[in-house]
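Asker: To start, I am sharing the structure in question, which I have written as structure tokens.
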Amino acid sequence: KVTIKNIERELICPACKELFTHPLILPCQHSICHKCVKELLLTLDDSFNDVGSDNSNQSSPRLRLPSPSMDKIDRISRPGWKRSSLTPRTTTFPCPGCEHDVDLGERGINGLFRNFTLETIVERYRQAARAATAIMCDLCKPPPQESTKSCMDCSASYCNECFKIYHPWGTVKAQHEYVGPTTNFRPKILMCPEHETERINMYCELCRRPVCHLCKLGGNHSNHRVTTMSSAYKTLKEKLSKDIDYLIGKESQVKSQISELNLLMKETECNGERAKEEAITHFEKLYDILEERKSSVLKAIDTSKKLRLDKFQSQVEEYQGLLENNGLVGYAQEVLKETDQSCFVQTAKQLHLRIQKATESLKSFRPAAQTSFEDYVVNTTKQTELLGELSFFSSGVDVPEINEEQSKVYNNALINWHHPEKDKADSYVLEYRKVNRDEEMLPWNEIEVCGTSKVVSDLESNCNYAFRVRAYKGSICSPCSRELILHTPPAPVFNFLFDEKCGYNNERLLLNLKRDRVESRAGFNLLLAAERIQVGYYTSLDYIIGDVGITKGKHFWAFRVEPYSYLVKVGVASSDKLQEWLRSPRDAVSPRYEQDSGHDSGSEDACFDSSQPFTLVTIGMKKFFIPKSATSANEPENRVLPMPTSIGIFLDHDKGRVAFYDMDHMKCLYERQVDCSHTMYPAFALMGSGGIQLEEPVTAKYLEYQEDV
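The sequence shown begins at 1 in UniProt numbering and counts up by one.
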């Protein structure tokens, strides 16, 4: 038998790292304390309500009233809890046991079962750990006596005298169930979380969880195959008993395997030291080769330098001799005074040769050697690249390739890669680091990955990051892949959805259920309105805004405009401007009166420098139209750009500036001042056929549940 003290590791909550307290069973079959679930959900709720942008500080605004922490806990625990209609509902929970997001359903915590079996085992462990500590009577007057029994119906512990007083013979309380002293009072009957007045009496084989008869009749399990609780109990208990007997019967085998593992650990340690010695030997050989080449190169440079200096010295001495020829000239002048012809010829012949040689040196001056050592510059480019890729012998493990099209960065970075020989790699290591040209190279951060994709979080805003990956087969790794450089957004990502209430025109706009996509349809209503269209009539824009406003801080969001869109306006607008637009939409949306519309209307020219309470840019027919400005060229060809695949908007509320970005290259296309004296909202407008899709935040994939034993 395994003693109760040997199972402590199984009784520790993965969140608080303490013994379980009222554990709940998550859909992934891991257990977690009830209070830990509340605290984690409260943390997620605070980050959604008070931040509004991933990784931003607590000062980031949300247009919702703050509530005390206990109120939030009660709101999260309340049956049927969900967010307001303007904000998305949290249905996922990050399990600390498997580090995956699990779906809690619409009921949240109230849809989870309490793990009474685990709770009972924890109580046994506590009692074994505190054998010398007695459980005192709950009803005794001070000082309390040691309890002798606990009533499961009253959820209290009693001494003998108090038990007789509160459970008199012949009364209903005398029929209560009592056990030995305990602090764990579990209900007699397990009730259904969905239908709180119904007891659990069936087991759903598809969902692998207990259910009641109402769940089977008209609930979420109506079409699922169920079995009786007694049958499920018998089947699971037989399986568990067989597995336990198998493990116990393999005790000697496990002990021998442990001994084998200890030997393997020693062998690994020896082989590791031997591998280090071999690596040091190889590097020392490289050092010797480099030292030899260094000596050879330096010797060649010194030889060439000495040869050139010798030539220069000879030339200096030659020209120094010219200075000494001053006496030669005077001597020649004296020879010219000789009148005897035979004597003159005899002396002048040798003198003429000497003067002629000096004259030739003065006619053409050229240095005897070159001063540049360009031919002696050592080119180590290829060698540096080879040394940078220096790794263990790959033994056939191919280099993985990062898929640039499927990799992106938004609130987090999503890196996808492809491996030609996927089944040959046991795991991968993803490396990333911030790239800053002004500073030294930072060390690489490493993440071990089993698949071929990874979400990297906690990246700084407005920074370049380099990513690379290598494959591992046992202890052998492949060379690193080519680096992928991604630029993070200039500010934390701002989370919002389309508002289905404020200004939403359901006759011409179609909003999906998730409220992250809107389409404009030129349907039958527009054809009916066409009968009344006369010359000079402008078809009005249909506006839709985000469900969350901004009152301070820096924020960034991105979206995609469908290529078939005829005319779409995107940007920001203040709350007072939105009210004006929604009161008189036909007058407010006329292109001639929109100073930021990008149209060639004369009213724009007088308002270049004025700070408006809105900024909208025009997108349509696969083009991005830059509004007119006083500082840039206003010719149409300079203001029309190809429409980016994804467009980002950066709002600095404190400085009153808004900028529009090409998300593919994180390049700013247009920037201007905007009046942020009121609450600012993401604003969108559509005319004719068109569609806008909000960029989906980068999150970890959902857990694929494994089957139970």
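Ideal placement from N, C-alpha and C gives every residue a C-beta, glycine not left out.
Short of 8 Å in beta carbon distance, which residues of its chain neighbour G656, apart from the five on each side in sequence? Order them along the chain.
Answerer: Translated into positions along the sequence shown, residue 656 becomes position 656. These residues qualify, in order along the chain: S611, Q673, V674, D675, C676.
Asker: On the CB-based measure, 16 or more other CB atoms within 10 Å of its CB, does H653 come out buried or exposed?
Answerer: As a first step, residue 653 is located in the sequence shown; it is residue number 653 there, counting from the start. H653 comes out buried.
Asker: Please identify the residue among A368, V449, S372, A471 whose C-alpha is closest to the C-alpha of Q315.
Answerer: Taking the sequence shown and counting its residues from 1, one reaches residue 315 at position 315. Comparing Cα positions, the closest option is A368.
Asker: Which of helix, strand or coil does DSSP assign to D407?
Answerer: In the sequence shown, counting from the first residue as 1, residue 407 sits at position 407. Sequence check: residue 407 is Ser here, not Asp. In this structure, S407 counts as coil in the three-state DSSP scheme.
Asker: What is the DSSP secondary structure of I7, counted as helix, strand or coil?
Answerer: In the sequence shown, the residue the question calls residue 7 occupies position 7. Looking at I7 - three-state DSSP - the assignment turns out to be helix.
Asker: In this structure, does DSSP put G553 in helix, strand or coil?
Answerer: As a first step, residue 553 must be located in the sequence shown, where it is residue number 553. The answer is coil: DSSP assigns G553 none of H, G, I, E or B.
Asker: Counting along the chain, where does the beta strand (DSSP E) carrying residue 710 start and finish?
Answerer: With the chain covering 1 to 709 only, the question about residue 710 has no answer from this structure.
Asker: First and last residue of the beta strand (DSSP E) that includes residue 735?
Answerer: The structure shown does not extend to residue 735, since the chain is modelled only from 1 to 709, so the question has no answer here.
Asker: On the three-state DSSP scale, how would you describe G108?
Answerer: If you number the sequence shown from 1, residue 108 lands on position 108. Residue state, collapsed to three classes: helix.
Asker: Specify the secondary structure class of H352 as computed by DSSP and reduced to three states.
Answerer: Within the sequence shown, numbered from 1, the residue matching residue 352 stands at position 352. Note: H352 maps to helix in three-state DSSP.
Asker: Spatial neighbours of G272 within its chain, please: C-beta separation below 7 Å, excluding the five flanking residues on both sides.
Answerer: For the purposes of this step, residue 272 is taken as the residue at position 272 of the sequence shown. So no residue of the chain qualifies.
Asker: Return the chain-ordered list of same chain residues with a C-beta closer than 6 Å to the C-beta of P94, the five sequence neighbours on each side being excluded.
Answerer: As a first step, residue 94 is located in the sequence shown; it is residue number 94 there, counting from the start. Result list for P94: D101, in chain order.
Asker: Just the Cα atoms here: how many angstroms apart are E500 and D576?
Answerer: Within the sequence shown, residue 500 is the residue found at index 500, counting from 1. Within the sequence shown, residue 576 is the residue found at index 576, counting from 1. Cα to Cα, E500 sits roughly 19 Å from D576.
Asker: Work out the CA separation of F113 and Y246 for me, nearest whole Å.
Answerer: Within the sequence shown, residue 246 is the residue found at index 246, counting from 1. Within the sequence shown, residue 113 is the residue found at index 113, counting from 1. Computed Cα separation, rounded: 29 Å.
Asker: Let's see if you can read the secondary structure: which residues bound the alpha helix (DSSP H) around A174?
Answerer: Along the sequence shown, read from residue 1 onward, the residue named residue 174 stands at position 174. Looking at the DSSP string, A174 is not in any alpha helix (DSSP H), and its letter there is neither H nor E.
Asker: Roughly how far, in whole angstroms, is the beta-carbon of N464 from the beta-carbon of V429, given that I think they are within contact range, below 8 Å?
Answerer: Working through the sequence shown from its first residue, we reach residue 464 at position 464. Working through the sequence shown from its first residue, we reach residue 429 at position 429. Incorrect: roughly 21 Å between the Cβ atoms, too far for contact.
Asker: Spatial neighbours of C204 within its chain, please: C-beta separation below 7 Å, excluding the five flanking residues on both sides.
Answerer: By one-based count along the sequence shown, residue 204 stands at place 204. Here the set comprises V211, H221, H224, V226.
Asker: Using a threshold of 8 Å, state whether the C-beta atoms of S150 and V179 are closer than that.
Answerer: Indexing the sequence shown from 1 puts residue 150 at position 150. Indexing the sequence shown from 1 puts residue 179 at position 179. The answer is yes: Cβ separation under 8 Å.
Asker: Three or more C-beta pairs under 8 Å: does that hold for the region 656 to 666 against the region 493 to 510?
Answerer: Verdict: no, contact absent.
Asker: Hey, how far is the Cα of E401 from the Cα of A491?
Answerer: As a position in the sequence shown, residue 401 is number 401, starting the count at 1. As a position in the sequence shown, residue 491 is number 491, starting the count at 1. Taking the straight line joining both Cα atoms gives about 29 Å.
Asker: Just verifying my parser: in three-state terms, what is the DSSP assignment at S256?
Answerer: Taking the sequence shown and counting its residues from 1, the one referred to as residue 256 is at position 256. Residue state, collapsed to three classes: helix.
Asker: What residues in its chain sit with their C-beta under 7 Å from that of P181, if we drop five residues either side in the sequence?
Answerer: In the sequence shown, the residue the question calls residue 181 occupies position 181. Around P181: I135, S147, T148, K149, S150, S157.
Asker: State the DSSP-derived secondary structure class of L567, mapped to helix, strand or coil.
Answerer: Against the sequence shown, residue 567 aligns to sequence position 567. DSSP places L567 in strand when its eight states are reduced to three.
Asker: DSSP state of M70, grouped into three classes?
Answerer: As a working note, residue 70 is residue 70 in the sequence shown. The predicted model places M70 with a pLDDT of 40, which falls under 50 and marks its position as unreliable, so this point remains unresolved.
Asker: Could you check whether H34 and L24 sit closer than 8 Å to each other, using their CB atoms as the reference points?
Answerer: Taking the sequence shown and counting its residues from 1, one reaches residue 24 at position 24. Taking the sequence shown and counting its residues from 1, one reaches residue 34 at position 34. Yes, they are a contact pair.
Asker: Quick one: any contact between the region 546 to 561 and the region 686 to 693, if contact means 3 or more CB pairs under 8 Å?
Answerer: Yes: the two stretches touch, three or more of their Cβ pairs being nearer than 8 Å.
Asker: I think C207 touches C192, with their Cβ atoms under 8 Å apart; what is that distance to the nearest whole Å?
Answerer: Position 207 of the sequence shown, counting from 1, holds the residue named residue 207. Position 192 of the sequence shown, counting from 1, holds the residue named residue 192. 13 Å between Cβ atoms; not a contact.
Asker: Starting from I12, follow the alpha helix (DSSP H) in both directions and report where the run begins and ends.
Answerer: Translated into positions along the sequence shown, residue 12 becomes position 12. From DSSP, I12 is part of no alpha helix (DSSP H); its letter is neither H nor E.
Asker: I need the straight-line Cα distance from D596 to T699, nearest angstrom please.
Answerer: What you label residue 596 is simply residue 596 of the sequence shown in a count that begins at 1. What you label residue 699 is simply residue 699 of the sequence shown in a count that begins at 1. The predicted position of D596 is uncertain, since its pLDDT is 43 and thus under 50; a value taken from the coordinates is nonetheless stated next. Answer to the nearest angstrom: the Cα atoms are 35 Å apart.
Asker: Applying the criterion that 16 or more other CB atoms from any shown protein chain within 10 Å of the CB defines a buried residue, is C159 buried or exposed?
Answerer: On the sequence shown, position 159 is the one that residue 159 refers to. Per the 10 Å Cβ criterion, buried.
Asker: Let me know if P79 comes out buried or exposed under the rule of 16 or more other beta-carbons within 10 Å of its beta-carbon.
Answerer: If you number the sequence shown from 1, residue 79 lands on position 79. Per-residue confidence for P79 stands at a pLDDT of 42, beneath the threshold of 50, marking its modelled position as unreliable; no derived number is given.
Asker: According to DSSP, what are the bridge partners of A471?
Answerer: Translated into positions along the sequence shown, residue 471 becomes position 471. Y428.
Asker: CB S453 to CB R470, shorter than 8 Å?
Answerer: In the sequence shown, counting from the first residue as 1, residue 453 sits at position 453. In the sequence shown, counting from the first residue as 1, residue 470 sits at position 470. The answer is no: Cβ separation not under 8 Å.
Asker: Under a three-way DSSP split, which group does L286 fall into?
Answerer: For this step, residue 286 is matched to residue 286 along the sequence shown. Looking at L286 - three-state DSSP - the assignment turns out to be helix.
Asker: Can you look up C162 in the DSSP assignment and give me helix, strand or coil?
Answerer: Here residue 162 refers to the residue found at position 162 when the sequence shown is read from its first residue. Note: C162 maps to helix in three-state DSSP.
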